[in-house]
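One structure is given here, and the rest of the page talks about it.
4 protein chains.
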Amino acid sequence: MSALDDYPYRRVLGTRWADNDIYGHVNNVQYYALFDTLINAYLIKEGGLDIHGGPVIGICAESHCHYHASLAFPDDVIGALRVGKLGRSSVTYELALATADDAPLAATGSFTHVFVDSATRRPTPIEGRMRDALERLIPA
Amino acid sequence: MSALDDYPYRRVLGTRWADNDIYGHVNNVQYYALFDTLINAYLIKEGGLDIHGGPVIGICAESHCHYHASLAFPDDVIGALRVGKLGRSSVTYELALATADDAPLAATGSFTHVFVDSATRRPTPIEGRMRDALERLIPA
Amino acid sequence: MSALDDYPYRRVLGTRWADNDIYGHVNNVQYYALFDTLINAYLIKEGGLDIHGGPVIGICAESHCHYHASLAFPDDVIGALRVGKLGRSSVTYELALATADDAPLAATGSFTHVFVDSATRRPTPIEGRMRDALERLIPA
Amino acid sequence: MSALDDYPYRRVLGTRWADNDIYGHVNNVQYYALFDTLINAYLIKEGGLDIHGGPVIGICAESHCHYHASLAFPDDVIGALRVGKLGRSSVTYELALATADDAPLAATGSFTHVFVDSATRRPTPIEGRMRDALERLIPA
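The structure is reproduced here in structure tokens:
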């Protein structure tokens, strides 16, 4: 059993040379870049989000990360995603990063998206294929 | 009176072309890059932190950001910093970003550093010039 | 006299914490981020480029950088820009970076933009205010 | 036969959310981040480069990129690497990026590393395992 088992969506994320900062490990800011990448890849591939001119976009309202251990280029990272709370027009994701399936979690975090109309930027209900995709990420 | 008045250290931070994401505003991840820059600039200039081989480094243990309004390149951003909690070997900063002195805050956040020995990576007390610099950031 | 005198547009660009890579200096990739920022700030402010839905966008066709000396956070950098060649729908900029007005150049580079229709992505002539702005950057 | 066949080392590189700029495609700067990542991953894994305190580091002296077609998140990119010129203490890589094995090249570029002593930053000969690794990247 792995600490990642509680996260229904998992994906290998590559690190980059410049992720390592002067102290030799992945800079704290880049953890959020991995979160952002994991979430949006899921929304596009599973939820049908059209980032090139689609009618709805996700705006980040809040994010948080708790750092438990270091990551370093050139090692790959496993990103893990679940949905903690699904509201009418907003969703709070819970995320984890680890260096391997059976490794302790290197970081845990959260990220809240408000879905808005891309023109008016006013909240819009999460419906249809997107809602289905997000519901699949709620742990049993 | 400005919402930034409660933050003793303020500095203009430039935005970059690529900060804007596909939705036309500064990506949520870059807010943390601005936090990181503001904090470390202060630690180096006021606290005497030597990032090139010094005996002590600051490790990020936790960070958080609440997004209130958008920012966009090419506009400058005002970064504001204060200390919320100063412990024996750790410090929690509170940060704010705004587009102008009299603008509402675009973001508020927090960031916790644990100071560690750069070789052993074990916590080390915050003392001397660094402690003085951090104490000056505790609001009256 | 300064090596920057040959560049009509100059601007101070801030560095960021994560610009420094594991070797302690600004990563080579970030020099291009500074180029990109300098160019687009000029196009927006002086040439009237509307990056939020305007009819014309600049596409990078080629870029180059020659690295002469290191840069490092938290130091500011002076970015300098001139136009080397102005064609019907393309422009080649020449750029330089230095740590101070009287310092030797830390980097010199070039960057070619093709202006295209934002919908069709086909080349479009550089005219009016934008052409005027670019002509002002051709050294006497 | 593929345009990538001339490059002995190839690796899939993931894109990230923020690679896409306001125009909806991977920003030109990020092509260099992919180059940098590809080169250093090879140097570490095949050449034995120790980036954490090793005696030798690679300094970028020059880089160039010619952009042929766009890339976009969330698509993966194939990075391809060969050695164009191997000198006593310097090496010039030639790189290519493509969206698929049988796709036309999206970009071609070059990157010159000078290997230096990490303490004195003076050029040092490329020898042993590193030289062997680089020689394997010279096309037949």
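Protein chains in written order, with my numbering: chain X, 1 to 140; chain P, 1001 to 1140; chain H, 2001 to 2140; chain C, 3001 to 3140.
Ideal placement from N, C-alpha and C gives every residue a C-beta, glycine not left out.
As the structure is a prediction and not an experimental result, all values here were calculated from the model.
- Ranking G2048(H), H2068(H), H2066(H) and I2078(H) by CA distance to the CA of E2127(H) puts G2048(H) first.
- Spanning the alpha carbons of G2053(H) and G24(X) requires a straight line of approximately 40 Å.
- In this chain, R88(X) is not harboured by any beta strand (DSSP E), its DSSP state being neither H nor E.
- The beta carbon of P74(X) sits closer than 8 Å to some beta carbon of chain C.
- By the Cβ neighbour-count rule, G2087(H) is exposed, with fewer than 16 other Cβ atoms within 10 Å of its own.
- Assignment of F1115(P) by DSSP, reduced to helix, strand and coil, places it in the strand class.
- Sequence-distant Cβ neighbours of D21(X) in its own chain, meaning closer than 8 Å and more than five residues away, are N27.
- Contact annotation: the stretch 3006-3020 of chain C does not touch the stretch 2094-2104 of chain H, with fewer than three C-beta pairs closer than 8 Å.
- Where Y31(X) is concerned, the enclosing alpha helix (DSSP H) starts and stops at N28 to K45.
- Across the structure, L1038(P) and V1091(P) are spaced so that their CA atoms are roughly 15 Å apart.
- When DSSP states are grouped into helix, strand and coil, E1135(P) belongs to the helix group.
- Taking C-alpha positions only, A1080(P) is separated from D36(X) by approximately 25 Å.
- Of the candidates P139(X), A140(X) and R131(X), the residue whose Cα lies closest to the Cα of E46(X) is R131(X).
- Our two residues, A1119(P) and S2118(H), have alpha carbons roughly 52 Å apart in a direct line.
- When secondary structure is reduced to three states using DSSP, L4(X) falls in the helix class.
- DSSP, read as helix, strand or coil, puts A18(X) in helix.
- With a threshold of 8 Å between beta carbons, D1050(P) makes no contact with chain H.
- Boundaries for L3071(C): no beta strand (DSSP E) harbours it, and the DSSP string shows neither H nor E there.
- In this structure A3106(C) is not in contact with R16(X), their Cβ atoms being roughly 18 Å apart against a cut-off of 8 Å.
- Taking 8 Å as the cut-off, the beta carbon of F2111(H) is found closer than this to the beta carbon of Y2093(H).
- Counting the other CB atoms within 10 Å of its CB gives P3055(C) a total below 16, which places it among the exposed residues.
- Around N3020(C), the beta-carbon contacts reaching into chain P at under 7 Å are D1021 and I1022.
- By a beta-carbon distance limit of 8 Å, L2013(H) does not contact G1109(P). Their separation comes to about 24 Å.
- For C2065(H), the CB contacts under 6 Å within the same chain, skipping 5 residues up- and downstream, are Y2031, A2107 and G2109 in chain order.
- Contacts between L13(X) and chain C, judged by CB atoms closer than 8 Å, involve G3014 in chain order.
- Within the DSSP bridge table, the entry for G1079(P) names R1011(P) and L1097(P) as partners.
- Interface with chain C (8 Å Cβ-Cβ cutoff): D101(X) is excluded.
- Against chain C, the CB of V1029(P) has a partner CB under 8 Å away; the residue lies at that interface.
- Residues of the stretch 2053-2082 of chain H that bring their beta carbon within less than 8 Å of a beta carbon in chain C comprise I2057, I2059, C2060, A2061, E2062, S2063, H2064, C2065, H2066 and Y2067, in sequence order.
- K1085(P) has a beta carbon lying at 8 Å or more from every beta carbon in chain H.
- A2041(H) and D1075(P) have their alpha carbons spaced roughly 9 Å apart.
- Not flagged as an interface residue toward chain X: T3092(C), since no C-beta distance is shorter than 8 Å.
- A1041(P) has a beta carbon lying within less than 8 Å of a beta carbon in chain H.
- Taking the Cα of L2137(H) as reference, the smallest distance to any Cα among L2071(H), R2121(H) and R2082(H) is reached at R2082(H).
- With 16 or more other Cβ atoms inside 10 Å of its own Cβ, D1019(P) counts as buried.
- Between L3095(C) and the set P3139(C), D3050(C) and I3044(C), the nearest pair of CA atoms involves P3139(C).
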